[in-house]
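Presented below is the structure to which this report refers.
Residue numbers (the working numbering), protein chains in the order written: chain A, 1 to 107; chain C, 1001 to 1149.
Given below as structure tokens:
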């Protein structure tokens, strides 16, 4: 599990890659929290474009990010989710909690 | 039910073995010509079951976890994950979505996902003696899926 982050106009994008499971989840959650605490973004986009596998630990990462952004009254968006992680997110009901797609919300 | 092929793997409850276990399951299932979605379902279910054993069965120590894979007639894959850990005191509670006694990195959705991704799911646990999860999934196979398309 690796990640890269980009900050543009208060939008923090975390590009996730590799396999997301319990083994890597805690480290990923801590890294995301650290980025949010430093940059105080209005939006956080979790981009799954490079994720080759994800189990329910990915649900915990999304919920953790949601809570961190709620403290800033910001929003979370999921982008480029491949079919296997999407099936896991839907089974966990995450598709009802967050928006999908990285497009900007209306000002 | 007659077993057409099987393998048994035993490993210590180290989180690094989660990926190893699902890769073994994926390699075993490959002989059954699964679709990509079916292979993803199998890997996800194995990852959830093995993670539960690692996180919940042995919270304070490293113990043995076994993964048994069987190919059954009708292109059915059976997965059994067994530990000899502390067991589950309240199985019904453990099966509730969002319930977890694990850390922040657990969502409490593991059992829900195993139930929804596999055709059958059984969980037996005895406090102090361990837990056994058994799941079955009929794999359509890419050939059969192509014929239906």
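Yeah, the Cβ is synthetic: ideal placement off N, Cα and C, and Gly gets one too.
Flag residue i as yes if its beta-carbon sits less than 9 Å from any beta-carbon of chain C, otherwise no.
i, result
"residue 74 (chain A)", "no"
"residue 21 (chain A)", "yes"
"residue 105 (chain A)", "No answer about residue 105 (chain A) holds up, because its pLDDT of 46 lies below 50 and its placement is not dependable."
According to DSSP, is residue i part of a helix, a strand, or is it coil?
i, result
"residue 81 (chain A)", "coil"
"residue 47 (chain A)", "strand"
"residue 1079 (chain C)", "strand"
"residue 39 (chain A)", "helix"
"residue 1011 (chain C)", "strand"
"residue 1052 (chain C)", "helix"
"residue 14 (chain A)", "strand"
"residue 1109 (chain C)", "coil"
"residue 1141 (chain C)", "coil"
"residue 1086 (chain C)", "coil"
"residue 72 (chain A)", "coil"
"residue 1026 (chain C)", "helix"
"residue 1115 (chain C)", "helix"
"residue 20 (chain A)", "strand"
"residue 1134 (chain C)", "strand"
Counting only C-beta atoms, is residue i closer than 9 Å to chain A at any point?
i, result
"residue 1051 (chain C)", "yes"
"residue 1109 (chain C)", "yes"
"residue 1079 (chain C)", "no"
"residue 1062 (chain C)", "no"
"residue 1076 (chain C)", "no"
"residue 1088 (chain C)", "no"
For residue i, return the contacting residues in chain C, with the cut-off set at a CB-CB distance below 7 Å.
i, result
"residue 88 (chain A)", "1044, 1113"
By the criterion of Cβ-Cβ separation under 8 Å, what are the contact partners of residue i in chain C?
i, result
"residue 91 (chain A)", "1109, 1112, 1113, 1116, 1117"
Going along chain C, which residues have a C-beta under 9 Å from residue i?
i, result
"residue 83 (chain A)", "1036, 1037, 1040"
Within 10 angstroms of the Cβ of residue i, are there 16 or more other Cβ atoms? Answer buried if so, exposed if not.
i, result
"residue 1054 (chain C)", "buried"
"residue 1014 (chain C)", "exposed"
"residue 1038 (chain C)", "buried"
"residue 1061 (chain C)", "exposed"
"residue 1017 (chain C)", "buried"
"residue 1110 (chain C)", "buried"
"residue 107 (chain A)", "Residue placement at residue 107 (chain A) is poorly supported in this model, since its pLDDT is 40, which falls under 50; the coordinates still yield a value, given next. Under this definition residue 107 (chain A) is an exposed residue."
"residue 2 (chain A)", "exposed"
"residue 49 (chain A)", "exposed"
"residue 1119 (chain C)", "exposed"
At 7 Å on the CB atoms, spell out the chain A contacts of residue i, in chain order.
i, result
"residue 1047 (chain C)", "21, 55"
Residue i touches chain A at which residues, Cβ-Cβ below 9 Å?
i, result
"residue 1055 (chain C)", "22"
### Task
Would you list, in chain order, the members of the stretch 45-65 of chain A that have their beta-carbon closer than 7 Å to a beta-carbon of chain C?
Flagged, chain order: 53, 55, 56, 57, 59, 60, 63, 64.
### Query
the stretch 1007-1026 of chain C: which residues have C-beta closer than 8 Å to a C-beta of chain A, in chain order?
Taking 8 Å as the Cβ-Cβ cut-off against chain A, the residues of the stretch 1007-1026 of chain C that qualify are 1015, 1016, 1018, 1019, 1022.
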